[in-house]
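Counted from 1, the sequence shown has number 73 at position 73 by full-length UniProt numbering; the numbering is strictly sequential. We put the CB at the ideal spot given by N, CA and C, even for glycine. The model shown is predicted, which means the values in this text are computed figures rather than measured ones. Accompanying notes for the structure given below.
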Amino acid sequence: MTAATYSAREQLRDGRPIEIRALRPSDEAGMLDAINHTNAESLRRRFFITKRAFSDKEKAFFMNTDFVKHVALVAEIDEDRRRRIIGGGRYVVSEPAQAEVAFVVIDGYQGQGIGTLLMRHLSIIARAAGLKNLIAEVLPENTPMRKVFGKFGFEHRRGADPQVLHLVLTL
Numbered sequence: 001m002t003a004a005t006y007s008a009r010e011q012l013r014d015g016r017p018i019e020i021r022a023l024r025p026s027d028e029a030g031m032l033d034a035i036n037h038t039n040a041e042s043l044r045r046r047f048f049i050t051k052r053a054f055s056d057k058e059k060a061f062f063m064n065t066d067f068v069k070h071v072a073l074v075a076e077i078d079e080d081r082r083r084r085i086i087g088g089g090r091y092v093v094s095e096p097a098q099a100e101v102a103f104v105v106i107d108g109y110q111g112q113g114i115g116t117l118l119m120r121h122l123s124i125i126a127r128a129a130g131l132k133n134l135i136a137e138v139l140p141e142n143t144p145m146r147k148v149f150g151k152f153g154f155e156h157r158r159g160a161d162p163q164v165l166h167l168v169l170t171l
């Protein structure tokens with residue numbers, strides 16, 4: 001299985017099945033729907049600014065992944081007899097052997113372990129791709145995300161912005 005065809009079945013903490021899979025070009029409407037079900041504070045913690053809409057250029061960046069330098073996974077669940085994207089995670093290679101990782105989970109599904117599942121599967125893909133480090137920039141008040149990164153052994157390092165935590169995981 002390649003990163004572009006990646007798919008894994010998992011379970012949420014409450015036992016419901018979930019699929020972690022590669023983002024597809026046909027997922028744009030589902031991704032936008034997920035953003036519409038994410039409150040402004042959750043989006044601010046992800047993007048560091050208040051964000052309710054995305055430009056065409058931003059949409060193109062998020063949707064057009066090459067699965068080499070830009071890998072994106074979605075968390076999808078069956079809800080009311082239809083598939084629904086409820087979260088996503090990605091990494092973007094920023095330097096040779098290093099990538100920045102980020103996630104977002106819609107509010108109604110936060111606290112179910114989705115960030116942990118996405119991180120686990122992104123780290124599997126990153127290791128297989130030969131990456132040596134994953135980095136994350138996290139706002140200090142984003143305790144849930146800090147906990148997820150802490151589970152995987154991310155370490156705090158000095159970053160360029162003193163208002164943001166710079167975390168590094170050696171793979």
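Residue i lies in the beta strand (DSSP E); which residues open and close that run?
| i | result |
| --- | --- |
| G115 | Premise fails: G115 lies in the alpha helix (DSSP H), I114 to A128, not in any beta strand (DSSP E). |
| T65 | That residue, T65, is in no beta strand (DSSP E); it is neither H nor E in DSSP. |
| A8 | S7 to Q11 |
| P17 | P17 to A22 |
What does DSSP give as the partner residues of residue i in its beta bridges?
| i | result |
| --- | --- |
| I106 | None, per the DSSP bridge assignment. |
| G88 | V74 and V104 |
| A99 | V93 and L134 |
| R157 | H166 |
| E28 | None, per the DSSP bridge assignment. |
If we count the other Cβ atoms within 10 Å of its Cβ and call it buried at 16 or more, is residue i buried or exposed?
| i | result |
| --- | --- |
| residue 173 | Any question about residue 173 goes unanswered here, given that the chain covers just 1 to 171. |
| P4 | The amino acid occupying residue 4 in the given sequence is Ala; Pro does not appear at that position. It is exposed - the Cβ of A4 has fewer than 16 other Cβ atoms within 10 Å. |
| V68 | exposed |
| F154 | buried |
| G130 | exposed |
| E76 | buried |
| H121 | buried |
| D27 | buried |
To the nearest angstrom, report how far apart residue i and residue j are at their CA atoms.
| i | j | result |
| --- | --- | --- |
| G87 | I114 | 7 Å |
| L73 | I85 | 10 Å |
| D80 | V105 | 19 Å |
| M63 | P25 | 6 Å |
| R83 | E19 | 10 Å |
| G15 | L23 | 23 Å |
Please report the residue range of the alpha helix (DSSP H) in which residue i lies.
| i | result |
| --- | --- |
| V164 | Taken as a continuous stretch (DSSP letters only), V164 belongs to no alpha helix (DSSP H), as it is neither H nor E. |
| P144 | T143 to K151 |
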